[in-house]
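S.K.:
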DNA sequence: TAAAAATATGAATATTTATTCATATTTTTA
DNA sequence: TAAAAATATGAATAAATATTCATATTTTTA
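Residue numbers (this note's numbering), protein chains in the order written: chain A, 34 to 220; chain B, 34 to 220.
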């Protein structure tokens, strides 16, 4: 199955990036981790650069919030809570992705075309925040500042959960952390 | 002057890490950026690994908060404000350091001895927060969660200032961002 | 099911990049 | 200030790692 091989390659790459960083990534190790011969990697990708760019592209695509339309009719704080929950759960489940994405964007491997793709998450968040401000629910602070708080916190907290709590994220943690977040941004 | 050469090497390494990541770091480029011959690097460092570890060690040492003792008699919110301000200003001034540190800790270059060094900042923050809880000023939430919010926000916001505001950090920004932070953690 | 096509292998080769070293320059010593 | 020591140079070499390719295996086609 072709997709299976691709996934094995991608998973191996993510796993190894978390372990040794992009600086330590070797094609031979990726192949070994994916249980295949080094040469096989070159059947699926022209070279290392294309492999990494393909993975980046896939991760970017997947990180687009799938739930945007379903929640737009809800109250702002509920929308934000749902986004918070989904983002936090995703980050905990996919902590390796963050490491890869953050390193990749400043690595020498990133292609020009991939540079242009950007997370819709931020824009969507911004939109909700602006609406919240107009409804007088959210502080009238600079949106970028509010976004920095939300995104910085969710990332930092998810890393803590992964590193110090063995990846176990309780409902209580989700609710309490969102509560902190909400207290910061609410009017 | 020996120190000058060392600084040139360190600055070149930081600069290039910001530009191409640790994955893209080449001894020849470091030398060129520092305006010296490649061989000269090997007079100051045994090899690439030692150069990077030395830089990491230096950054870690410098990041220890120098002002701890001066402010411990002040009210908790003032202590936190001062720490916030200093941390934010430092991060904006030294954004390249964060990039280096974050990549380095999971790179294959980090030595065992350097793994043990850790930031006193978190511990100090924890201490202040615990005191704040006992004085009923800070929410009775898990300290690691509060720390994640503070550190995540300050990092994320400093990155925004560097990337989108040309590194210009106004007093207003410092105060407003701290105000968000304080609203999140205060009782 | 036999030939053709596609996929897989990993040792051999090519490429990149770290490191060395013979030589040159600068600084220190006495 | 002249010899000795320290520092600097960058082309040559060594080492690490990406990529290819002759060969083997598996899958598809008809």
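For glycine and all other residues, C-beta sits at the position ideal for the given N, C-alpha and C. Since the structure is predicted, the reported quantities are computational estimates derived from the model, not experimental observations.
#1: So if I threshold CB-CB distances at 7 angstroms, which residues from the segment 64 to 97 of chain A count as touching chain B?
#2: With a 10 Å radius around its C-beta and 16 neighbouring C-beta atoms as the bar for buried, classify residue 59 of chain B as buried or exposed.
#3: In terms of DSSP beta bridges, what is residue 219 of chain A paired with?
#4: Whose Cβ in chain A lies nearer than 9 angstroms to the Cβ of residue 163 of chain B?
#5: Terminal residues of the continuous alpha helix (DSSP H) containing residue 60 of chain A?
#6: Name the chain A residues whose beta carbon is nearer than 9 angstroms to that of residue 231 of chain B?
#7: Give me the residue from B:139, B:187, B:215, B:200 with the minimum Cα distance to residue 170 of chain B.
#8: For chain A, find out if any of its Cβ atoms is closer than 8 angstroms to the Cβ of residue 188 of chain B; answer yes or no.
#9: For residue 226 of chain B, I'd like the list of residues in its chain whose CB is within less than 7 angstroms of its CB, leaving aside the five on either flank, ordered along the chain.
#10: Report the rounded CA-to-CA distance for residue 46 of chain A versus residue 143 of chain B, giving the unit in angstroms.
#11: Using 8 angstroms as the limit for Cβ to Cβ distance, is residue 106 of chain A near chain B?
#12: Can you list, in chain order, the residues of the segment 120 to 144 of chain A whose Cβ is nearer than 9 angstroms to any Cβ on chain B?
#13: CB residue 129 of chain A to CB residue 174 of chain B, shorter than 8 angstroms?
#14: First and last residue of the alpha helix (DSSP H) that includes residue 54 of chain A?
#15: So what's residue 79 of chain B in DSSP terms, helix, strand or just coil?
#16: Can you name the residues of chain A whose CB is closer than 7 angstroms to the CB of residue 174 of chain B?
#17: With residue 180 of chain A and residue 155 of chain A assumed to form a contact (beta carbons below 8 angstroms), what rounded beta-carbon distance in angstroms separates them?
#18: Suppose contacts are defined by Cβ-Cβ distances below 8 angstroms. Is residue 183 of chain B in contact with residue 158 of chain B by that definition?
#19: Any C-beta of chain B sitting closer than 8 angstroms to the C-beta of residue 201 of chain A?
#20: Less than 8 angstroms separating the beta-carbons of residue 112 of chain B and residue 119 of chain B?
#21: The alpha helix (DSSP H) that contains residue 116 of chain A, what's its start and end?
#22: Write down the C-beta distance between residue 137 of chain B and residue 85 of chain B rounded to the nearest angstrom, noting that I regard them as a contact closer than 8 angstroms.
#23: State whether the segment 185 to 202 of chain B contacts the segment 185 to 203 of chain A, with contact taken as three or more CB pairs (one from each stretch) at a distance under 8 angstroms.
#24: Compare the Cα-Cα distances from residue 37 of chain B to each of B:106, B:69, B:61, B:53 and report the closest residue.
#25: Going by alpha carbons, who is nearest to residue 61 of chain A out of A:72, A:200, A:94, A:164?
#26: Is there a Cβ of chain B sitting closer than 8 angstroms to that of residue 56 of chain A, yes or no?
#27: Compare the Cα-Cα distances from residue 205 of chain A to each of A:122, A:66, A:107 and report the closest residue.
#28: By DSSP, does residue 202 of chain B sit in helix, in strand, or in coil?
#29: Do you know how far the Cα of residue 115 of chain A is from the Cα of residue 107 of chain A?
#30: By the three-class DSSP mapping on this structure, what secondary structure does residue 106 of chain B have?
#31: What's the call for residue 76 of chain B, buried or exposed, on a 16-neighbour Cβ count within 10 Å?
#32: Could you tell me if residue 79 of chain B is buried or exposed, where buried requires 16 or more neighbouring beta carbons within 10 angstroms of its beta carbon?
#33: Considering only residues of the same chain and omitting the five flanking positions on each side of residue 49 of chain A, which have a CB-CB separation below 7 angstroms?
#34: At a Cβ cut of 9 angstroms, what residues of the segment 35 to 52 of chain B count as close to chain A, listed as they run along the chain?
#35: Can you tell me whether residue 138 of chain B is helix, strand or coil according to DSSP?
M.R.: With the structure as the only source:
#1: none
#2: exposed
#3: A:171
#4: None at all; the shortest Cβ gap to chain A is about 17 angstroms.
#5: 60 to 66
#6: What the structure shows of chain B is the stretch from 34 to 220, and residue 231 of chain B is not part of that stretch, so it cannot be assessed.
#7: B:215
#8: yes
#9: Nothing can be reported for residue 226 of chain B, as the shown portion of chain B is limited to 34 through 220.
#10: 20 angstroms
#11: no
#12: 132, 135, 136, 137, 138, 139, 140, 141, 142
#13: no
#14: Neither: residue 54 of chain A is in no alpha helix (DSSP H) and is coded neither H nor E.
#15: coil
#16: 209, 213
#17: 6 angstroms
#18: yes
#19: no
#20: no
#21: 109 to 126
#22: 6 angstroms
#23: yes
#24: B:69
#25: A:72
#26: yes
#27: A:122
#28: coil
#29: 10 angstroms
#30: coil
#31: exposed
#32: exposed
#33: 58, 62, 63, 66
#34: 50, 51, 52
#35: coil
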